[in-house]
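Take the sequence shown: its position 51, counted from the start at 1, is 453 in my numbering, and no numbers get skipped.
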Amino acid sequence: MRANLLNARKALGYTQQEISENLGITKRQYQRLEAGTSDGSIRVWQQLKILLHAKSIDYLLEQVVENHLTK
403 MRANLLNARK ALGYTQQEIS ENLGITKRQY QRLEAGTSDG SIRVWQQLKI
453 LLHAKSIDYL LEQVVENHLT K
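Quick look at the structure:
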């Protein structure tokens, strides 16, 4: 699962359906991106970066959430 993608979507209050409509893809295609079972096109990732106000595409592609805890 691409946790950063999921968390960014939820933080902005978007549903998977809303994101997929904005991207011009099916909900199922978006679900596969979020699950990490599909890579999608660079165009889609560029649009996601803008739509979700992400710092980078690489950040959205991460499979685990960045841990910023300090000891």
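Cβ atoms here follow ideal geometry from the backbone N, Cα and C, with glycine treated the same way.
So the alpha helix (DSSP H) Glu-420 belongs to, where does it begin and stop?
418-425
Residue range of the alpha helix (DSSP H) that includes Glu-436
429-437
When you compare only the Cα positions, how much space is there between Gln-465 and Gly-442?
15 Å
Looking at Ile-459 and Gln-449, is the spacing between their C-beta atoms short of 8 Å?
no
Name the two residues that bound the continuous alpha helix (DSSP H) containing Gln-465.
Segment: none, Gln-465 is in no alpha helix (DSSP H) and carries neither H nor E.
Take the Cβ of Leu-414 as the centre, count every other Cβ of all protein chains shown within 10 Å, and call the residue buried at 16 or more, exposed below.
exposed
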